[in-house]
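Under the working numbering, the first residue of the sequence shown carries the number 439, and numbering increases by one thereafter. Ideal placement from N, C-alpha and C gives every residue a C-beta, glycine not left out.
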Amino acid sequence: MIHIALFQPDIPQNVGAAIRLCACLGITLDIIEPCGFPWNIKKIKQSGMDYLEEATIVRHDSWESFQKEYQEWRLVLMTTKASAPYTDFQFSENDILIAGRESAGVPLDIHQTIESRIKIPMHGEARSLNIINATAMITGEALRQTK
(Lines of atoms letter the chains of each structure in order from A and count residues from 1; the text may use other names and numbers.)
(Lines give C-alpha, C1' and ligand atoms only; values in the text may rest on other atoms or scores of the structure.)
Protein backbone atom coordinates (compact mmCIF):
# COMPACT_ATOMS: atom_id res chain seq x y z
CA MET A 1 0.00 0.00 0.00
CA ILE A 2 1.22 3.48 -0.86
CA HIS A 3 2.76 5.58 1.94
CA ILE A 4 3.27 9.31 2.35
CA ALA A 5 6.55 10.50 3.88
CA LEU A 6 7.27 14.00 5.15
CA PHE A 7 10.97 14.85 5.11
CA GLN A 8 11.88 17.00 8.12
CA PRO A 9 8.61 18.94 8.15
CA ASP A 10 8.74 22.57 9.33
CA ILE A 11 5.08 23.24 10.16
CA PRO A 12 3.14 21.24 12.78
CA GLN A 13 -0.18 22.18 11.20
CA ASN A 14 0.89 20.52 7.95
CA VAL A 15 1.81 17.38 9.88
CA GLY A 16 -1.65 17.47 11.44
CA ALA A 17 -3.26 17.84 8.01
CA ALA A 18 -1.13 14.94 6.71
CA ILE A 19 -2.24 12.80 9.65
CA ARG A 20 -5.86 13.54 8.81
CA LEU A 21 -5.29 12.82 5.10
CA CYS A 22 -3.61 9.49 5.83
CA ALA A 23 -6.23 8.48 8.40
CA CYS A 24 -9.05 9.20 5.96
CA LEU A 25 -7.35 7.30 3.13
CA GLY A 26 -6.13 4.41 5.29
CA ILE A 27 -2.47 4.85 4.39
CA THR A 28 0.68 5.10 6.49
CA LEU A 29 2.39 8.42 7.22
CA ASP A 30 6.16 8.34 7.67
CA ILE A 31 7.83 11.29 9.41
CA ILE A 32 11.54 11.61 8.67
CA GLU A 33 13.10 13.59 11.50
CA PRO A 34 14.38 15.91 12.73
CA CYS A 35 11.29 18.08 12.48
CA GLY A 36 11.70 21.83 12.30
CA PHE A 37 9.57 22.17 15.44
CA PRO A 38 9.31 20.39 18.77
CA TRP A 39 7.12 17.29 18.44
CA ASN A 40 4.20 18.63 20.48
CA ILE A 41 1.32 16.21 20.35
CA LYS A 42 -1.11 18.91 21.59
CA LYS A 43 -0.33 21.23 18.64
CA ILE A 44 -0.44 18.38 16.17
CA LYS A 45 -3.78 17.21 17.59
CA GLN A 46 -5.19 20.71 17.08
CA SER A 47 -4.80 20.43 13.32
CA GLY A 48 -5.09 16.65 13.09
CA MET A 49 -8.25 16.84 15.19
CA ASP A 50 -9.44 13.45 16.36
CA TYR A 51 -7.70 11.61 13.52
CA LEU A 52 -4.47 11.01 15.42
CA GLU A 53 -5.77 7.76 16.89
CA GLU A 54 -6.99 6.63 13.46
CA ALA A 55 -3.69 7.19 11.67
CA THR A 56 -0.71 4.91 11.29
CA ILE A 57 2.36 7.07 11.89
CA VAL A 58 5.94 5.82 11.71
CA ARG A 59 8.64 8.20 12.92
CA HIS A 60 12.20 7.77 11.65
CA ASP A 61 15.09 9.46 13.44
CA SER A 62 16.99 10.08 10.18
CA TRP A 63 16.95 9.73 6.40
CA GLU A 64 19.28 6.74 6.75
CA SER A 65 16.94 4.87 9.10
CA PHE A 66 14.02 5.60 6.78
CA GLN A 67 15.94 4.21 3.79
CA LYS A 68 16.96 1.12 5.72
CA GLU A 69 13.36 0.45 6.74
CA TYR A 70 12.04 0.68 3.16
CA GLN A 71 14.80 -0.79 1.00
CA GLU A 72 12.31 -2.75 -1.11
CA TRP A 73 10.02 0.21 -1.77
CA ARG A 74 10.20 2.73 -4.61
CA LEU A 75 10.74 6.30 -3.47
CA VAL A 76 8.87 8.99 -5.42
CA LEU A 77 9.88 12.56 -4.71
CA MET A 78 7.22 15.22 -5.16
CA THR A 79 9.20 18.31 -6.15
CA THR A 80 8.89 21.52 -8.12
CA LYS A 81 12.31 20.68 -9.60
CA ALA A 82 11.08 17.61 -11.49
CA SER A 83 10.40 17.55 -15.20
CA ALA A 84 7.75 14.79 -15.26
CA PRO A 85 4.16 15.71 -14.40
CA TYR A 86 2.52 13.37 -11.88
CA THR A 87 -0.28 12.67 -14.36
CA ASP A 88 2.22 10.98 -16.71
CA PHE A 89 3.73 8.81 -13.96
CA GLN A 90 2.91 5.11 -13.49
CA PHE A 91 2.43 4.54 -9.75
CA SER A 92 2.70 1.17 -8.04
CA GLU A 93 1.53 -0.21 -4.70
CA ASN A 94 5.02 -0.13 -3.19
CA ASP A 95 5.55 3.61 -3.71
CA ILE A 96 6.37 6.06 -0.96
CA LEU A 97 5.45 9.61 -1.94
CA ILE A 98 8.00 11.93 -0.35
CA ALA A 99 7.33 15.58 0.38
CA GLY A 100 10.32 17.75 1.28
CA ARG A 101 10.55 20.47 3.89
CA GLU A 102 8.15 23.34 3.33
CA SER A 103 11.05 25.81 3.53
CA ALA A 104 13.68 24.01 1.45
CA GLY A 105 12.53 20.72 -0.09
CA VAL A 106 15.05 17.92 0.30
CA PRO A 107 18.84 18.41 0.20
CA LEU A 108 20.42 18.11 -3.24
CA ASP A 109 22.23 14.86 -2.39
CA ILE A 110 18.94 13.19 -1.46
CA HIS A 111 17.16 14.74 -4.45
CA GLN A 112 19.75 13.22 -6.77
CA THR A 113 19.54 9.73 -5.24
CA ILE A 114 15.77 9.41 -5.73
CA GLU A 115 15.22 8.26 -9.30
CA SER A 116 11.48 8.93 -9.49
CA ARG A 117 10.70 12.65 -9.29
CA ILE A 118 7.34 14.17 -10.18
CA LYS A 119 5.72 17.58 -10.14
CA ILE A 120 2.39 19.31 -10.44
CA PRO A 121 2.55 21.67 -13.44
CA MET A 122 1.89 25.25 -12.31
CA HIS A 123 0.00 27.95 -14.16
CA GLY A 124 1.85 31.10 -15.11
CA GLU A 125 4.43 32.26 -12.58
CA ALA A 126 3.02 30.26 -9.64
CA ARG A 127 5.76 28.37 -7.77
CA SER A 128 3.97 25.73 -5.73
CA LEU A 129 0.89 24.63 -3.87
CA ASN A 130 0.62 24.05 -0.14
CA ILE A 131 2.50 20.83 0.56
CA ILE A 132 -0.54 18.95 1.84
CA ASN A 133 -2.75 20.10 -1.04
CA ALA A 134 -0.11 18.91 -3.49
CA THR A 135 0.34 15.63 -1.61
CA ALA A 136 -3.41 15.02 -1.61
CA MET A 137 -3.63 15.58 -5.39
CA ILE A 138 -0.77 13.23 -6.16
CA THR A 139 -1.92 10.62 -3.63
CA GLY A 140 -5.38 10.63 -5.20
CA GLU A 141 -3.88 9.85 -8.60
CA ALA A 142 -1.61 7.16 -7.14
CA LEU A 143 -4.56 5.48 -5.41
CA ARG A 144 -6.69 5.74 -8.55
CA GLN A 145 -4.01 3.90 -10.51
CA THR A 146 -3.31 1.21 -7.92
CA LYS A 147 -6.75 0.32 -6.54
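Range covered by the alpha helix (DSSP H) that runs through residue i
{"i": "L546", "result": "L546 to T551"}
{"i": "S503", "result": "W501 to E507"}
{"i": "L459", "result": "P450 to L463"}
Residue i, buried or exposed, once every other Cβ within 10 Å from all chains shown has been counted against 16
{"i": "I479", "result": "exposed"}
{"i": "N452", "result": "buried"}
{"i": "Q550", "result": "exposed"}
{"i": "K506", "result": "exposed"}
{"i": "P450", "result": "buried"}
{"i": "S554", "result": "buried"}
DSSP-derived helix/strand/coil call for residue i
{"i": "R565", "result": "coil"}
{"i": "F475", "result": "coil"}
{"i": "M516", "result": "strand"}
{"i": "A542", "result": "coil"}
Residue i beta carbon near the ligand COA (any heavy atom closer than 7 Å)
{"i": "L467", "result": "In terms of ligand content, the structure shown is empty, and the ligand COA therefore cannot be addressed."}
Delimiting residues of the beta strand (DSSP E) encompassing residue i
{"i": "I536", "result": "D533 to A537"}
Touch test, the segment 512-524 against the segment 542-562, Cβ-Cβ under 8 Å, three pairs minimum: Under the Cβ criterion (8 Å, minimum of three pairs), the segment 512-524 counts as touching the segment 542-562.
Within 8 Å, do at least three Cβ pairs link the segment 453-461 to the segment 491-504? With a cut-off of 8 Å on Cβ pairs, the segment 491-504 is in contact with the segment 453-461, counting three or more such pairs.
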